[in-house]
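Student:
2 protein chains.
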Amino acid sequence: MTTISDVAVHAGVSVMTVSRYFNDPTKLAAATFERVKLAVDELGYVPNATARSLIRGRSDTIALVVADIRHPFFIAIARGVEDVAQAAKYVLFLGNSHETLARERQYLETVISRRVDGVILAPTHGKRHNLEVLRQRGVPTVLIDRRLPDYDLDVVRGDTFTGGRILTEHLLAEGYRDIAFVGGTPGVSSLVDRLGGYERAMAAAGLAPRSMLGRYDQASGEKLVGAMVAAARRGEASLPDALIAANNMVALGALLALRRHGIRVPEDMAVAGFDDFDIASQLDPFLTVVRQPAYEIGREAMQLLLRRFEDADRPTEERVLPVELVVRRSTRRAP
Amino acid sequence: MTTISDVAVHAGVSVMTVSRYFNDPTKLAAATFERVKLAVDELGYVPNATARSLIRGRSDTIALVVADIRHPFFIAIARGVEDVAQAAKYVLFLGNSHETLARERQYLETVISRRVDGVILAPTHGKRHNLEVLRQRGVPTVLIDRRLPDYDLDVVRGDTFTGGRILTEHLLAEGYRDIAFVGGTPGVSSLVDRLGGYERAMAAAGLAPRSMLGRYDQASGEKLVGAMVAAARRGEASLPDALIAANNMVALGALLALRRHGIRVPEDMAVAGFDDFDIASQLDPFLTVVRQPAYEIGREAMQLLLRRFEDADRPTEERVLPVELVVRRSTRRAP
DNA sequence: ATGAAAGCGCTAACAT
DNA sequence: ATGTTAGCGCTTTCAT
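Here the protein sequences come in this chain order: V and S.
Residues are numbered in the working numbering as their position in the first sequence, beginning at 1, plus a constant of 32.
Residues are numbered in the working numbering as their position in the second sequence, beginning at 1, plus a constant of 32.
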C-alpha cells in the first residue's frame, strides 16, 4: 500500500509537505502543491485515517446502536443520524443490540476499541446496563427514544407519555370503555411512559387499566393477542373493546391475530398504536396511531452529539419532541 | 485514556505480556494471567483497535454502500449483511450514495482511508464509475443488486430479467395488452434487466413495449404516472391498461398518482411491481409483485466477502438468486 | 514464559 | 515555505 513517504519520495519533498498538502494546502507554494498533487494522483494515494486518528486521538466516526433494525421507527432515526453525520463529515457505524444487554455491551466495546468519537444509543433495559463502559471511557453519548435514570446524558425522544394519554382519551371519546394495553418490553422507559399515559387517562375516567406486556415486536403482538382471544373464548376473561399496541410492530401482530380469529377491526374491536407506517399508511390509511417524529429524533441526536464535541462541559439536554395523534378508521365505530 | 503500558505498569509486567493476554492467553502462566486480568478490570482498559489495525494492516471493519437507505429492499439487504458480519466479528460502516456518483466516490474514499477490509456496494450508474478506486487499492469488493460490465467482481443479485418476463407474462395471461413500464434509473443493470425481461415477453406476444424511465423512487413514480395521465387526458396518448413499476417505491408513487386522478386499480388499470412491501403486504395484500430475496442477498454478499478474505485468488462468482411472482388483487380483472 | 527493540503511517512541535 | 525529530498505542521479531 502506498504510504505518505512513497508520495514524498515520488514528489521529491519531505513527508511533512505531503501531510500539509492534505491538512493545510495554503501553507504550500503553488509549485510544490502541483508536484505533490501529481505524485498523489499518479500513485493513487489515499491517506491512512487509522494512522491519523492514532495520533490525533479522534476518528471522525460515530456509532449508532439501535434495539431492532427491522423496526421502521429506528430506520427513520438512522436516516436522520446519517444525513447529519454525512454533512458533518462523520462516518457511521451501525449496530443492532437485538434488545439484549450482552449484545449491546459487546457492540459498545467493539466501537470503543475503534475509538469512535461518540455514540448514539437506544439503551436496552436491564439492571446492570452498559452506560458505565461509556462513561468510564468518557465517550460522548446521546440517548435516543429512552431515558435512563442515574445517567446525566443528552436525550432525544418523543413525548410518548402524552401520546399514551391522548390516544386513550381519543378512544374514550369514541365511547370505548374496556381498553387494554398490549406489548412492549417492561422497564424500557418508552414503554413505562406510554403505559403511564394510558393509565393516567384511564384513572381520570374512573376506569380500570389492563395490560399485557411482552416485547416490542410483531411476534409479541401476535402471541399476546392470540392468548387474549383464547382466554376469552374459554370464558376466562372478557374481550376488551379497544386495544392500544405498544408500537407499530406490535400493532401489526395484533391485527393479524385478530383477523385470524375472525375479530373485525373496528367493528368488533378498535386498535390503535404508536409510530406510523411509512408505506402502509399511504397505501391504505387504516390504523390510528400516535406518530413520533423519528427522522427528526435522529437528526437532533446527531446535532446534539456534534455540539457536545465542541463543548464537552455544556449542560445536558433532554429534548422531548411533540407527538401527533392521527385518527383513522381502526378506531371509528360508525362508518 | 488508559493504554497498554498503563496496564503493564499496574500489573508489574511488560507490555508484551498484556498484549498476549488479549491475543494469545494460552501463552501466559496462570498467575500472570490473573494479575493482568486484575489490572485490566481495575483500569477499565479496552485495547485500541486503531493502533492494532495500523500494524496489522486490517481493521475487521467492512463498509456497506447502498443507493437509497429509504428503500425497504436495501434495508433488508443491510439486515442480512449485518447479521453475518456481526457473527463473524466484523463491524459495519453504513453509507448512502443517494444514487450519485460524487457521493459514492466520496464515501468510498472515506472508508478506504479508514482501511476497511472490504466493501459491499450497490454501484451507482455512470460513465466513470468509482470501482477503479477500489480495484487500485485492492479492496475486496462484492457488488449487490447490480452487475457492472468490465469488472470481474463477485456479484449477488436477484434474477430480475426473469422477474420482468414472468410479470409481463402474468399480465398477458390475465388479458392485458397495452402494458407500460414505468420508473427506474436508466443504465442501472437491475433496470436494464427487468426492462429487458418485459420487452422480451412483449415481443414474444407480438406487442409493442412502451416505457417511461426516471428514477427508482416514489417521487418518480408519482411524476411519471401523473404526466402519463395528463397526456392521455389531453388526448395526446392512450392510457395503458396495465403498469409495471420498476420497483416498489415507484409502484407506491404510481398508485397514489392514479388514485389522485380517480383511476381505479385494478378495475381501470392493473399495477404490478418489483420487491415486496414487508408490512403493507401483510396488512393488506394488494399489489402483485416479483419478490426478490433481499435479506438473503445481503447474507450471501457478506458470506462471499468473507470467503474472499480467506482466498483472494478464488474465481469470482455471480450469484443470481431466484425471484418469485406473487399475484394479488392489483392485477386481477375479475373480483 | 516473558521481555526489549523496532516500526506500522502519520502529525505536533519545533527548527531552518 | 519546508524539513527534522519524536512519538501516538500497539504487535512483530528476536532474544533470554
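Built from N, CA and C at the ideal position, the CB exists for glycine as well.
#1: Please list, in chain order, the residues of the region 293 to 309 of chain S that have any C-beta partner in chain V closer than 9 Å.
#2: By the 10 Å Cβ neighbour count, where 16 or more other Cβ atoms means buried, how is P172(V) classified, buried or exposed?
#3: What's the gap between the Cα of Y248(S) and the Cα of M234(V)?
#4: Is the shortest distance between the beta-carbon of P57(S) and the beta-carbons of chain V less than 8 Å?
#5: Against chain S, with Cβ distances strictly below 8 Å, would I94(V) count as a contact?
#6: Considering S145(V), what are the terminal residues of the alpha helix (DSSP H) in which it resides?
#7: What are the uninterrupted segments assigned as alpha helix (DSSP H) that are 4 or more residues long and contained completely in the region 57 to 103 of chain S, given in chain order?
#8: Closest to D4(S) by C-alpha separation, out of G216(S), N162(S), H42(S), would be which residue?
#9: Which of helix, strand or coil does DSSP assign to V352(V)?
#10: Using a Cβ-Cβ cut-off of less than 7 Å, list which residues of the region 252 to 280 of chain V approach chain S; keep chain order.
#11: Could you please give me the residues that DSSP links to F306(V) through a beta bridge?
#12: Is it buried or exposed, P57(V), if we count other Cβ atoms within 10 angstroms and call 16 or more buried?
#13: Below 8 Å between beta carbons is the criterion; list the residues of the region 200 to 216 of chain S that meet it against any residue of chain V, in chain order.
#14: From D343(S) to R178(S), what does the alpha carbon distance come to, in whole angstroms?
#15: Which residues in chain V sit within 9 Å of F125(S), going by Cβ to Cβ distance?
#16: Out of V214(V), A263(V), P104(V), A333(V), which one is the CA nearest neighbour of D308(V)?
#17: Listing by chain order, which chain S residues have their CB less than 9 Å from the CB of E328(V)?
#18: Taking only runs of the beta strand (DSSP E) that begin and end inside the region 220 to 273 of chain S, which ones reach a length of at least 3 residues, in chain order?
#19: Return the residue from the list F193(V), A259(V), F54(V) that minimises the CA-CA distance to A269(V).
#20: Taking C-beta to C-beta, are I36(V) and V45(V) nearer than 8 Å?
#21: Could you check what DSSP says for A312(S) in three-state terms: helix, strand or coil?
#22: For chain S, check one thing: does any of its Cβ atoms lie closer than 8 Å to the Cβ of S145(V)?
#23: Under 7 Å Cβ-Cβ, which residues of chain S neighbour G195(V)?
#24: Strictly below 7 Å CB to CB, what residues from chain V border D100(S)?
#25: Identify whether G158(V) lies in helix, strand or coil by the three-state DSSP scheme.
#26: Please compile the residues from chain S whose C-beta is within a distance smaller than 8 Å of the C-beta of D316(V).
#27: Do you know offhand how far F318(V)'s Cα is from R146(V)'s?
#28: When DSSP builds the beta bridges, which residues end up paired with D186(S)?
#29: Measure from the C-beta of S85(V) to each C-beta in chain S and report whether the shortest distance is under 8 Å.
#30: So the candidates are V165(S), D184(S), G89(S), V78(S); which of them puts its Cα closest to the Cα of E350(S)?
#31: Distance, Cα to Cα, G196(S) vs P155(S)?
#32: If you draw a straight line from the C-alpha of T117(V) to the C-alpha of G170(V), how long is it?
#33: In angstroms, rounded to a whole number, what distance separates the CA positions of A62(S) and V68(S)?
#34: What residue does the beta strand (DSSP E) around V148(V) start on, and which one ends it?
Tutor: Put simply:
#1: Close to chain V, meaning a Cβ-Cβ distance shorter than 9 Å, are the following residues of the region 293 to 309 of chain S: F309.
#2: What you label residue 172(V) is simply residue 140 of the first sequence in a count that begins at 1. Buried.
#3: By one-based count along the second sequence, residue 248(S) stands at place 216. By one-based count along the first sequence, residue 234(V) stands at place 202. Their backbone Cα atoms lie some 46 Å apart in a straight line.
#4: Stepping through the second sequence from its first residue, residue 57(S) is reached at position 25. Answer no: the Cβ-Cβ gap between P57(S) and chain V never drops below 8 Å.
#5: Position 62 of the first sequence, counting from 1, holds the residue named residue 94(V). Judged by the 8 Å Cβ criterion, I94(V) is not in contact with chain S.
#6: To locate residue 145(V), count along the first sequence from 1; it is residue 113. S145(V) -> alpha helix (DSSP H) spans 133 to 145.
#7: Fully enclosed alpha helix (DSSP H) runs of 4 or longer: 62 to 75, 81 to 88.
#8: There is simply no residue 4(S) to check, as chain S begins at 33 and stops at 367 in what is shown.
#9: Reading the first sequence from its first residue, position 320 is the one you call residue 352(V). The three-state reading of DSSP puts V352(V) in strand, counting E and B together.
#10: Those residues of the region 252 to 280 of chain V that come within reach of chain S (Cβ to Cβ, closer than 7 Å) do not exist; the list is empty.
#11: Looking up residue 306(V) in the first sequence gives position 274. In the DSSP assignment, F306(V) is bridged to V322(V).
#12: Against the first sequence, residue 57(V) aligns to sequence position 25. Exposed, by the Cβ-count rule.
#13: Against chain V - using a Cβ distance shorter than 8 Å - the region 200 to 216 of chain S contributes no residues.
#14: Along the second sequence, one-based indexing puts residue 343(S) at 311. Along the second sequence, one-based indexing puts residue 178(S) at 146. In this structure, the alpha-carbon of D343(S) lies about 23 Å from that of R178(S).
#15: Position 93 of the second sequence holds residue 125(S). Simply T93, V123, L124, F125, L126.
#16: The residue you call residue 308(V) lines up with position 276 of the first sequence. Ranking the options by Cα distance to D308(V), first place goes to P104(V).
#17: One-based indexing of the first sequence puts residue 328(V) at position 296. Under the 9 Å cutoff, chain S gives no residues; its nearest Cβ is about 15 Å from E328(V).
#18: Runs of the beta strand (DSSP E) inside the region 220 to 273 of chain S: 242 to 244.
#19: Locating residue 269(V) in the first sequence gives position 237, counting from the first residue. Scanning F193(V), A259(V), F54(V) for the CA closest to the CA of A269(V) turns up A259(V).
#20: As a working mapping, residue 36(V) is identified with position 4 in the first sequence. As a working mapping, residue 45(V) is identified with position 13 in the first sequence. Contact flag unset, no.
#21: Within the second sequence, numbered from 1, the residue matching residue 312(S) stands at position 280. Of the three classes helix, strand and coil, the one that applies to A312(S) here is helix, per DSSP.
#22: In the first sequence, residue 145(V) corresponds to position 113, counting from 1. Yes, contact with chain S.
#23: In the first sequence, counting from the first residue as 1, residue 195(V) sits at position 163. Against chain S, the beta carbon of G195(V) has no neighbour under 7 Å; the closest one sits roughly 20 Å away.
#24: Mapped onto the second sequence, residue 100(S) falls at position 68. Here the premise fails: no neighbours, minimum Cβ distance about 10 Å.
#25: On the first sequence, position 126 is the one that residue 158(V) refers to. Residue state, collapsed to three classes: coil.
#26: The sequence position of residue 316(V) within the first sequence is 284, counting from 1. Correct list: A312, L315, D316, F318.
#27: Here residue 318(V) is taken as the residue at index 286 of the first sequence, counted from 1. Here residue 146(V) is taken as the residue at index 114 of the first sequence, counted from 1. Rounded to whole angstroms, the separation of the alpha carbons of R146(V) and F318(V) is 45 Å.
#28: Here residue 186(S) refers to the residue found at position 154 when the second sequence is read from its first residue. Answer by DSSP bridge pairing, in chain order: V174(S).
#29: Reading the first sequence from its first residue, position 53 is the one you call residue 85(V). Yes, because at least one Cβ of chain S sits closer than 8 Å to the Cβ of S85(V).
#30: Working through the second sequence from its first residue, we reach residue 350(S) at position 318. With distances taken between CA atoms, E350(S) lies nearest to D184(S) out of V165(S), D184(S), G89(S), V78(S).
#31: Locating residue 196(S) in the second sequence gives position 164, counting from the first residue. Locating residue 155(S) in the second sequence gives position 123, counting from the first residue. When rounded, the distance between both Cα atoms is 21 Å.
#32: On the first sequence, position 85 is the one that residue 117(V) refers to. On the first sequence, position 138 is the one that residue 170(V) refers to. Note that residue 117(V) is Ala in the sequence shown here, rather than Thr. The alpha-carbon separation between A117(V) and G170(V) amounts to approximately 20 Å.
#33: To locate residue 62(S), count along the second sequence from 1; it is residue 30. To locate residue 68(S), count along the second sequence from 1; it is residue 36. So the two alpha carbons sit approximately 10 Å from each other.
#34: The residue given as residue 148(V) occupies position 116 in the first sequence. Taken as a continuous stretch (DSSP letters only), V148(V) belongs to no beta strand (DSSP E), as it is neither H nor E.
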